[in-house]
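Residue numbers (the numbering used here), protein chains in the order written: chain A, 1 to 322; chain B, 323 to 611; chain C, 612 to 943; chain D, 944 to 1458; chain E, 1459 to 1780. This report refers to the structure that appears directly beneath it.
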Amino acid sequence: MTLLEVKDLKTYFDTSKGLYKAVDGTSFDLDYGEALGLVGESGCGKTTCALSITRLLPKEGKIHGGEILFEKTDLVKLNDNEIRARRWKDVSIIFQGSMNALNPVMKVGDQIAEAVVFHEKVSRKEALKRAEELFELVEMPAKRINNYPHEFSGGMKQRAMIAMALACNPKVIIGDEPTTALDVMVQAQILNLLEKLRKELRMGLILITHDLSILAETCDKIAVMYAGKIVEIGTVDDIFMRTGHPYTQRLISCFPNVGKEKILPPAIEGVPPNLLEPIKGCSFYPRCHMGIPICLEIEPESRELGGKHFAACHRSGEVSHE
Amino acid sequence: MKWILRIKKMKEFGKAVAKNKMALTGAVILGVFILVAIFGPILVPFSTMEFGAVEDMLQPPSGKYLLGTDDMGRDILANLIHGARISLLIGAVATLISMFIGTLVGILAGYFGKGLDNVLMRFTDFFLVIPWLPLMMVLAAILGTSLWNIIFVIGITGWAGTARVVRAQTMSIKERQFVERTVSIGAGNLHIMLRHILPNVFPLVFANTVLVAAVAIVSETTLSFLGLGDPTMASWGMMLHYAFEGGATAAGAYWYYLPPGICVVLVVLSFTLLGYAFDEILNPKLRGR
Amino acid sequence: MSNSNVVDIKDMKVHFDIKRSLSQDIIRKNKIILKAVDGVSFSIGRGEILSLVGESGSGKTTTGKAILQLAPLTEGSVDFLGEEVRQNDKAFMKKFRQEAQMIFQDPYQSLNPRNIVMDIVAEPLDVHGLVKTEAERLERVRQALEQAGMSPVEEYLYRYPHELSGGQRQRVVLASSMILEPTFVVADEPVSMLDASIRTGILRLLLELREKKDLAYLFITHDLSLAWLISDRIAIMYLGKIMEIGKPDLIIHRGIHPYTRALTAIMPQPGVNKRNDRVILPGETPSPIEELKGCKFNTRCPIAKDICKEIEPILEELESGHFVACHFAKEI
Amino acid sequence: QTSEEEINSFTVGSSAAFDTMNPLSSYMQATYEFFMLIYDPLVKYDENYEPIPGLAKDWDTSEDELTWTFNLQEGVKWHDGEPFTSDDVKYTYELMMDTGLGYMYSSYLTGITDIQCPDENTVVISTDFPKANMLMNSTPILPEHILSEIPDEELEIWANENPVGTGVYKFDSQGDNFVKVVVNEDYFGDIPEVDEYIFVSYDNIDSMAQSLMLGEIDGANNLNTAQYNQLMDDENVSVISGEEKGFMQVGVNCWTADESGGNPLLKEKGIRQAIELAINKQKIVDMAYNGHGTVGTTLINPGDYFHYEPTEAELRSYSIDKANDLLDSTGYVDSNGDGVRESSEGEPLEFELITIADNLEEVKSGQMIAADLAEVGIKVNNVTMDSGALYDQIIGGTYDMFIWGWGSDVDPTVITGVLTTDQIGGNNEPFFSNERYDELFLLQQQELDEEARREMVWEMQQIAYEEAPYIIIIYANNIQAIRSDRWTGFKQIPETGTYFFNLTDYNYLNIKPVE
Amino acid sequence: MTRKIIARKLLYALLTILVVLVFNYILFRVLPGNPLSMMMRNPRATPETIAAVKEFYGLDQPWYLQFFTYFKNLIHGDLGISFVYKAPVAEVVAKKILPTVLMVGLAEIVAIVVGIFLGIIAAWKRGTKLDVATLSFSLVTYSVPTFWLGMILVVLFSVQMRLFPTSGMFTPGKNFITTFAMLKDLFRHLALPVLTMSLVLIGQYALTMRNTLIDVLSEDYITTARAKGFRERYILKKHALPNAMLPMITIIAINIGFVVAGAIQVETIFSWPGLGRLMYEALRARDYPLLQGVFLLVTLSVVLANVLADITYSYIDPRVKN
Ligand SMILES: Nc1ncnc2c1ncn2[C@@H]1O[C@H](COP(=O)(O)OP(=O)(O)OP(=O)(O)O)[C@@H](O)[C@H]1O
Ligand SMILES: Nc1ncnc2c1ncn2[C@@H]1O[C@H](COP(=O)(O)OP(=O)(O)OP(=O)(O)O)[C@@H](O)[C@H]1O
Ligand SMILES: [Mg+2]
Ligand SMILES: [Mg+2]
């Protein structure tokens, strides 16, 4: 049984200028203990995707279609109370920039404990004990649960956030750029930790980032997102070795590989399409170096390239040979 | 080209205002009063401001006097229209003075920091902390009760809040990279303050202006009411002063003591609405759906 | 030698007295000193790109700013084109401010949101009074923007920064910095805020300019692989000190200093799957306010010995152009 | 303990504030009102302002009119039980004469050279000239046994928290805005029916009127004209617009000295007279004072024994034509057509008129005067300030014209004294000086023959009216009211005067509850 | 850290007080009109008397000597002697403190409770009719001049309905048989002043609370709390309000100056025997020493209230505390 299955998710924002199709037909799935990396440039809809799964969209955002099957239950169909009961217990989320994600006037331990108290109906004392254990799990001194967020460094806050995310033993953790704004060394520490915990606790992990290079080491599967759609999804090897989409290919080449030659790849010129307007054909076409007339006319379907490797490109077979 | 851009920007702002119900209400009310202040005295001949006959004293509203007369036999409507000019003039000029001092002090303190900041901020704290009404009362008593003194007093007591926010904003702008970048190309302090700081604190000053203007008008009314206004200038505050002192409440002359008060409330409300709305427009967090 | 170098800095120190306010002076007498840069020497030759790499707070930006006299030098000297930079020499500073420029990390913050592109780019000209007529001004701006790859120029001249994408903004910054045709540029993480997809465009531009104008860069970054890709030399910085300096390949593949090695070990490498051997330094960097005896790295160093806690190693030349500051440099 | 109902309690509201309970340093009229009940003078006034016995049961003067003998009431006790003696009189008078304390009373004592107490019940007072106002002396007699305990330098700031007098009412208690006195059962004279009087000061006249209508107070002083109209409709209340001693005037700077800061044109009598002619006093009475007052002429109020009424020829009643003629004839014409007359040197007739900002009637009057004078080509600029600032201007002689008022009393000395040369730099606000006037002033003080004295006082008023340093606009009334549904026995004093604040205690002693 | 902040605040407060003292002195020396003018209007006052009085009050000395005397006396708590009341200023002032504290305190409490409550409702039900109603009410009361409001309330409640007395603190001269009767009388007199005062303040507090809360509700930690599955009411109570209350404390403290202004008007209108009215009367009577004394007391208490708020703030805001 798959843990989480997102099928043709459509999340639109109702803005003053019209309907903004931030996520427009995204599908992927996640198994127990599996790590999925979601990558793409800024504004492509990664965070929106994560918020849709937890149904935490701002009030102008709405799921317009698709299913989010969590152990066969469609989260989209749940009412407010039902989804609330599932949050944190089933799916917890570590937000982009944990600097502001912790309540500044509450002790960190209490912030962890309140979730435990709420979902597991235990006493506050037990919950605090759990918080201490969690702190040890994320390699922090247990007594620091009595600190306030501002007394932590960035890396420690991020760890505290992870501890908090683990509080109710969720089946899925979504990490929305949990390491941006952190130092390379701390970033490595955090990623290591997440990987370790995932393996130990057999949780599903969705790691969102715009830095493709860090996914290779952390994830099993990578989904590349562009303009609200997943343009390619597959194992790490699929993505790096058997690239099936020109966007993925260009993205990869943006990260210098110290093992190889020193060449500066050509930039991806242009900007992503305006999602307020309907797009005809392939949304990447204006920036694509491999475009052919058909791309302008017909939107490419997601095609299987072997195994669980899919890409949405009319010329997906030719990409890695470019 | 540049001024086209400026107009475009103003239009955008205008659109934002028009979309915001509060701002629109405020702008409409204020607009009406400004028009009345500018053109009213031309439309309503001044003769109606002169003392009337004895039998015209404190007459209730009638066909002849739409809002009745005061205890000097003057037409209240004419008085109100005339008062709009004075009250708004006081509000406007006092606000300008406040804004000028506040912006200057704020920018200097925020930009230069250190000793100057300390000195200026202690000074600002003093004006911020000291209760405004007693201070104004004392100053008005010292300077005497002429229109310009009142304006001056309101102006120099109202700037502290502005100075504080401008200072805070200046300090944050000063840290912004474009300022550092400007230093790195060799620009002097004056250039930076005028070209970079001022334009960036301006929206804030602007939003603050309307709030200060509201305070200025209330201040004028209050000072006048307490007998510290200029009795020869028939501002709304002075009208209220005359009304209450002259026993309009006892005489049941509601047409005398209500209209000036309502005018003050409306104008202040319009400023408050605008200020509140500007805050919402300029502060994206508060922005409505 | 000195004349062929664009900048020469010798034993530069920048210490901040981080409590300056009146009240703090009265309440507590002893000062708190933050040693942002604590004795750094290097030089950059004409057309050379020197990358300064290190973690956050290690003093990279401060070093760059100190060279440009934007941060106060506590000690040491900066020579520019063989001449010592003197703050109070007005004539020299005027020239210096034209010849040496800085590009900042955040393209969203380096542009005044209330100015249009034309005014932003022309500002250096205005400040130095270099153009007489409006037409001349427009021409210079047009050239600079074109050079920065913003064409057609007309489309951008009258835009406000918020009407530009991140990449375009950084190009405007570049155009504005290049309009005075400098010989030396401090580029402080110019691409770290940009999406990977537009990053290479900016880098390409920087390199092109070097080719064309023989520009020298101090390229500040925390991304080792990026430094490797574009620079002629790499300097590794930790807590206000340079730990190692040398040719990129040398640093990446044969780095000597334990800190360098830790950095290279965690360097994410696309396509290289799941290395389980990576060593991650434990703990966190000490605060630069703390007085540290001995080697600054000793608290986290996997090979630290007693000597490291006592004596601070000096930067020694191991082989030509490769300097390391470690007591055990030779043994590793 | 008595319950509330059995007590006849009468509350008097006034818009004037109280200051201190110490008669030696108090100067507020409101305070005098209850001092009058707590303390007795030697001689009081009856309702016709004739002297009647106070602490002195009778009195006598010597042949040369320089020695007065007062026989005191017997068995009088202070409120604290101590006996009252002639020494208290001597002590009080000498204290005030020596220290100048008791500002409001001490000038009654001028001319006294010696005080003797031949026995406990007799006081003999010697004067150096026949003292015309000897019996018009309302100085309260204070208890020596209490005051002598207080060091001299502290007498002025002595709080006198518990005033002890000989009066028909005893001090009871004091609150933030009220003073309560209760009847003195041991009084040597008749015991009035009202058991207690409560004097309440109001900041806000409207509140006072409300309180009166709500029955919270029984009498009110200084109501305004709007309230007069309102109370006229209230059958429970008897409201009057009573004449009061005093007037409101335009003071004109006629200082002839070089240091005068006023407009020199005003030194000319003709211009002052023209100004008076051009002012429509009746309209001011009607509009600014809502008809509560009479058009003013001379220094002493009509109805007063000493009042001088100008003859038809002397009278300058409102006439624009006469004002214009007068100005034309003195050579002031509007030569440049700007609506303002100029002197032959081109000096415009433009003056500043200062009014006190918080006096509504006076501010209104000022504006009306400006409008009136504009009609005859005199430009007046209204300026307002507070009384302190105006006082500075007056003392410095730096004003052109101002509006202010005087209150006066029974004896004409005080009010006529204001315009003597002596008082320049003091009360002589217009810097007026007239030899004949000064001479008459001294003479009338020493004239014990009433008729003869009146002749002198008349001539003084005639001079002052002719010279017009003061243009007296109105003798304003005081609007007072009493709850007539509850009280009776009160009357206006004198016939067209007021209920309270009229220098007599008649009403306080005669008010009775309605059966 | 807290200690340091308090020390700094105290230092600043001290500086401000110093400025107040000097300013206070200068201000009252440049007031025009001789302070004795009221007395001297008495036609019977002789020049000798006046000279004696002047000497007594030290007004015959040059201004700098007066200044030193002022300072010296101030240190001894001697504020001089009131011209009008002929009693030490400290004594006169002391009697008026309680009534003001009672009236203003009660009004503040009512305003804070109601204002905050309205603010919360408006922010919580943002955009609904309830919000619009609360907002309109707040904006209007915020715009009404205090004295006018007071007058209107008098006309309504005293003149028309005859519900409450119009002035004073107690029915003058009344002997109260029981304490209860006295309290009843007191509260009848308190009703209108307190109503006026609190109405003016409520608007301000409600507006501030609404804005602050809206700000807080858009913070990341609120999203985190939602992600943890908590109920909205709980989030409001535990996460949003504690954070929103912090700025409120500062606003309430800064507002004291405004409250004083209101108190002057309210006390003048309702003849409330407090400091505000005393000040107004002292101003009209040019009772310098008294005016100076009240002004000093009022400014000092405002300065101190601000310090107190700062200190409270530094104790309850963990970010400042450590
Ligand atoms: N509340 C909103 N209203 C309108 N548009 C929104 C809203 N939130 C997000 N968007 C838009 O939806 C798109 C997707 O946003 P999202 O935050 O999911 O991007 P992302 O991939 O997470 O980007 P980043 O890497 O910058 O975090 C963006 O273009 C954004 O502007
Ligand atoms: N003006 C200043 N006053 C006080 N301290 C400063 C100042 N500027 C920098 N610092 C401190 O100096 C140290 C070095 O800062 P610097 O900005 O040079 O680091 P960096 O290596 O550029 O870091 P990052 O990668 O985060 O940009 C930091 O601890 C910083 O807090
Ligand atoms: Mg995101
Ligand atoms: Mg930096």
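For every residue, glycine included, the Cβ atom is placed at its ideal position computed from N, Cα and C.
Which residues in the same chain have their Cβ closer than 8 Å to the Cβ of residue i, if we skip the five residues on either side of it in sequence?
{"i": "A:Tyr343", "result": "Nothing about residue 343 of chain A can be reported from this structure: the residues present for chain A run from 1 to 322 only."}
{"i": "C:Thr791", "result": "This sequence places Leu at residue 791 of chain C; Thr is not what is there. Within the same chain, C:Leu791 has close Cβ partners Gln709, Glu710, Gln712, Pro735, Leu736, His739, Leu741."}
{"i": "B:Ala573", "result": "Leu380"}
Suppose you measure from the CA of residue i to the CA of residue j; what does that come to, to the nearest Å?
{"i": "C:Gln880", "j": "C:Arg872", "result": "15 Å"}
{"i": "D:Pro996", "j": "D:Val986", "result": "5 Å"}
{"i": "D:Thr1010", "j": "D:Asp1062", "result": "16 Å"}
{"i": "E:Pro1501", "j": "B:His563", "result": "Reliability of the predicted coordinates at E:Pro1501 is poor, the pLDDT of 47 falling under 50, and the value obtained from them is presented with this limitation in mind. If you take the alpha carbons of E:Pro1501 and B:His563, they lie about 31 Å apart."}
{"i": "D:Phe1443", "j": "D:Tyr988", "result": "14 Å"}
{"i": "C:Lys701", "j": "C:Arg708", "result": "10 Å"}
{"i": "D:Gln1153", "j": "D:Asn1244", "result": "32 Å"}
Should residue i be listed as close to ligand 2, given that the test is whether its C-beta is under 7 Å from any heavy atom?
{"i": "C:Thr852", "result": "The residue asked about is misnamed: residue 852 of chain C is Lys in this sequence, not Thr. Answer for C:Lys852: no, Cβ out of range of ligand 2."}
{"i": "C:Lys671", "result": "yes"}
{"i": "A:Arg273", "result": "Note that residue 273 of chain A is Pro in the sequence shown, not Arg. No."}
{"i": "E:Ala1569", "result": "no"}
If I measure Cβ to Cβ from residue i and keep anything under 7 Å in the same chain, skipping five residues before and after, which residues do I get?
{"i": "D:Asp962", "result": "Ser969, Tyr970, Met971, Thr974"}
{"i": "D:Ala960", "result": "Met971, Ala973, Ser1144"}
May I ask whether a heavy atom of ligand 1 can be found less than 7 Å away from the beta carbon of residue i?
{"i": "A:Gly25", "result": "no"}
{"i": "A:Pro58", "result": "yes"}
Quick one: residues in its chain with C-beta nearer than 6 Å to the C-beta of residue i, no 5 flanking neighbours on either side, listed in chain order?
{"i": "E:Val1478", "result": "Thr1757"}
{"i": "C:Ile943", "result": "Ile867"}
{"i": "E:Arg1499", "result": "With a pLDDT of only 49 at E:Arg1499, under the threshold of 50, the placement of this residue in the model should not be trusted; the figure read from the coordinates follows. Around E:Arg1499: no qualifying Cβ."}
With which residues is residue i paired in a DSSP beta bridge?
{"i": "A:Tyr12", "result": "A:Lys62"}
{"i": "D:Asn1324", "result": "D:Glu1295"}
{"i": "C:Arg844", "result": "C:Leu661"}
Start-end ranges of the alpha helix (DSSP H) lying completely within the segment 415–466 of chain B, minimum 4 residues: 436–451, 454–465
At which residue ranges does the segment 1248–1284 of chain D contain complete beta strand (DSSP E) runs of 3 or more residues, listed in the order of the chain? none
Of all the alpha helix (DSSP H) runs that stay within the bounds of the segment 1705–1739 of chain E, which reach a length of 4 or more residues? 1714–1727
Ignoring anything shorter than 3 residues or poking outside the segment 753–830 of chain C, list the beta strand (DSSP E) runs there in chain order. 795–799
Which runs of the alpha helix (DSSP H), 4 residues or longer, sit entirely within the segment 1606–1693 of chain E? 1637–1675, 1678–1685
Identify every run of the beta strand (DSSP E) within the segment 561–606 of chain B, keeping only runs that are complete inside it and at least 3 residues long; order them along the chain. none
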